[in-house]
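Q: Protein chains in written order, with this note's numbering: chain A, 380 to 518; chain B, 10 to 353. A virtual CB, placed ideally from N, CA and C, is assigned to each residue, including glycine. I'd like to ask you about the structure that follows.
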């Protein structure tokens, strides 16, 4: 029942005209607001793309499997997002209980690095590439 | 500010300061306050305590507040403590604690010259020749602040100094993470590392706890005012140093390790000069990790204010999404520290 352009194309088109037609006209606080709007829309586009290919969450679940085993990842839930939430919660609790104290910078750090890198690919890929912090940066 | 409010304010100021005549000739809402509202007021005054004052700032609460921050009356006392100790802060002028004049408590301070904008302060080439002195000046300001020690009856609202400030911070951060609907294992990992690597507790001092680029003003390369005292409290002086130097507060200018504005050695030199002794600088990396975990957690709390519907705001929403930047920072900082340990 959805007509073209679809949701992702709609946001992309809106973002494009916003960036070329509106953003250059803005200054001061309005510019700051404009940058935030562009940043939010670009993030939404990246996440719609991620939904299409499902690879990001898969890569994180694979990293968890290296720590916990495939079976335990499978047992964490049916939906990948729910699996990820449950596994993150388990890992947070285990870290707090001291389970990884002897090797904090070992395999557990690798899992966390994959998790955070995948999050950043969606929220702010420029930070991964060049440590460029996102808007808003508070004054 | 409505004309009615402004008239009530002018009348109150005139009476309270004993002026013969006081007019508010201009007003401007200053930017950069998600939690507080700051109004620049232009005054025409003769007589009384504000005789001749031209530019003052009225600071009051914005629509929303952050739970752990102080109210205006407490902030006024903290600012006064800093001013009396000889810090470069806006001179606190008058407090209205009841909310009877403009509908909420406020205080008035003298306006400072310059800019607090981090992008300008970290990137303006005109400041470059003055950066050494600027970083030393910031160090001296911190040392002056940290000379304020308990007991201080005027600051009794701060409670007693913690016996172990780092342990208290770590416990607080665990509490904040527990209040969030999701788990953040990278921040948990950072907190666990902090627990395992916590240095021995030292004596507490009055700390600003948000002393970073963006929260002080600079004019012509010189610091003119340390602002935003709402998070101040008793803590380990190294907490302020770590917060100032943490990579997340260098605004992308990583090689200027003192807040993106200057060299770490200059900050430390200015500090030691005024304090009469150095702090244990070897502990700073620990406090930078703590600063990064803290900012990541605060970012998530701010995002949750939006997500929960308590306060809808694109700024809060995006601040929550920034947390992943700090999570990666924590992973990398700790890895670097551990690497340097094994190199020894």
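So residue 323 of chain B contacts chain A; which residues on that side make the cut at Cβ distance below 8 Å?
A: Residues of chain A passing the Cβ test: 412, 415, 416 and 419.
Q: Which chain B residues are close to residue 430 of chain A, counting only those with a beta carbon under 7 Å from its beta carbon?
A: Ordered by position in chain B, no residue passes the 7 Å Cβ test against residue 430 of chain A, which lies about 17 Å from the chain.
Q: List the residues of chain A that residue 189 of chain B touches, going by C-beta distances under 9 Å, in chain order.
A: Simply none; closest approach about 11 Å.
Q: Quick one: give me the first and last residue of the beta strand (DSSP E) that residue 503 of chain A is part of.
A: No beta strand (DSSP E) contains residue 503 of chain A, which DSSP labels as neither H nor E.
Q: Can you find at least 3 beta carbon pairs, one from the stretch 324 to 335 of chain B and one from the stretch 202 to 218 of chain B, that sit closer than 8 Å?
A: Not touching, per the Cβ criterion.
Q: Quick check: is the beta carbon of residue 294 of chain B nearer than 8 Å to any beta carbon in chain A?
A: Not one chain A Cβ lies under 8 Å of residue 294 of chain B.
Q: List the residues of chain B that residue 511 of chain A touches, going by C-beta distances under 8 Å, in chain order.
A: Going along chain B in sequence order, the residues near residue 511 of chain A (Cβ under 8 Å) are 261.
Q: Please tell me whether residue 488 of chain A has its Cβ less than 8 Å away from any Cβ of chain B.
A: It does: the Cβ of residue 488 of chain A has a partner Cβ on chain B nearer than 8 Å.
Q: Does the beta-carbon distance from residue 222 of chain B to residue 127 of chain B come in below 8 Å?
A: Taking 8 Å as the Cβ cut-off, residue 222 of chain B and residue 127 of chain B qualify as a contacting pair.
Q: Measure the alpha-carbon distance for residue 95 of chain B versus residue 195 of chain B and round it to whole angstroms.
A: Looking at the two C-alpha atoms, the distance is approximately 41 Å.
Q: Going by DSSP, what residues sit across from residue 116 of chain B in a beta bridge?
A: In DSSP, residue 116 of chain B forms a bridge with B:68 and B:104.
Q: List the whole-angstrom C-beta distance separating residue 9 of chain B from residue 22 of chain B, where the pair is believed to meet the contact cut-off of C-beta under 8 Å.
A: This structure leaves residue 9 of chain B out entirely; chain B is present only between 10 and 353.
Q: Mind listing the chain A neighbours of residue 202 of chain B? Cutoff is C-beta to C-beta under 9 Å, in chain order.
A: Those within 9 Å of residue 202 of chain B in chain A are 483 and 484.
Q: Can you list the residues of chain B that residue 498 of chain A reaches, using a CB-CB cut of under 7 Å?
A: Within 7 Å Cβ-Cβ: 333.
Q: With 8 Å as the threshold, decide whether the Cβ of residue 495 of chain A is near any Cβ in chain B.
A: Yes, residue 495 of chain A counts as interfacial toward chain B.
Q: Does residue 250 of chain B come out as helix, strand or coil in the three-state DSSP assignment?
A: Three-state result, residue 250 of chain B: helix.
Q: Please tell me whether residue 422 of chain A has its Cβ less than 8 Å away from any Cβ of chain B.
A: Yes - at least one Cβ of chain B is within 8 Å of the one on residue 422 of chain A.
Q: May I ask you to list the residues that DSSP assigns as paired with residue 226 of chain B?
A: BP columns for residue 226 of chain B point to B:234.
Q: Check whether the Cβ atoms of residue 273 of chain B and residue 248 of chain B lie closer than 8 Å to each other.
A: In this structure, residue 248 of chain B does not lie closer than 8 Å to residue 273 of chain B by Cβ.
Q: Rounded to the nearest angstrom, what separates residue 428 of chain A and residue 445 of chain A at their Cα positions?
A: About 26 Å.
Q: When you compare the CB of residue 300 of chain B with every CB in chain A, is at least one pair closer than 8 Å?
A: Taking Cβ atoms only, chain A never reaches closer than 8 Å to residue 300 of chain B, which makes this a no.
Q: Looking only at its own chain, which residues have a Cβ that is under 7 Å from the Cβ of residue 98 of chain B, when we skip the five neighbours before and after it?
A: 88, 91, 92, 234 and 235, listed in sequence order.
Q: For the alpha helix (DSSP H) that contains residue 457 of chain A, what are its first and last residues?
A: That residue, residue 457 of chain A, is in no alpha helix (DSSP H); it is neither H nor E in DSSP.
Q: Return no unless some Cβ of chain A is closer than 8 Å to the Cβ of residue 66 of chain B.
A: Chain A, which has no Cβ nearer than 8 Å to the Cβ of residue 66 of chain B, makes this no.
Q: Can you tell me whether residue 404 of chain A is buried or exposed? The criterion is at least 16 other CB atoms within 10 Å of its CB, across all chains shown.
A: With fewer than 16 other Cβ atoms within 10 Å, it is exposed.
Q: With residue 29 of chain B and residue 45 of chain B assumed to form a contact (beta carbons below 8 Å), what rounded beta-carbon distance in angstroms separates them?
A: In fact, because the Cβ distance is near 31 Å, the residues do not count as touching under 8 Å.
Q: Provide the residue span of the beta strand (DSSP E) that contains residue 31 of chain B, from first to last.
A: Its beta strand (DSSP E) spans residues 30 to 38.
Q: Any chance you could list the alpha helix (DSSP H) runs of at least 4 consecutive residues sitting entirely within the stretch 381 to 446 of chain A, in chain order?
A: Runs of the alpha helix (DSSP H) inside the stretch 381 to 446 of chain A: 386 to 396 and 407 to 432.
Q: Please report the Cβ distance between residue 51 of chain B and residue 34 of chain B, rounded to the nearest whole angstrom; I am assuming they are in contact, meaning their Cβ atoms lie under 8 Å.
A: Confirmed, Cβ separation roughly 5 Å.
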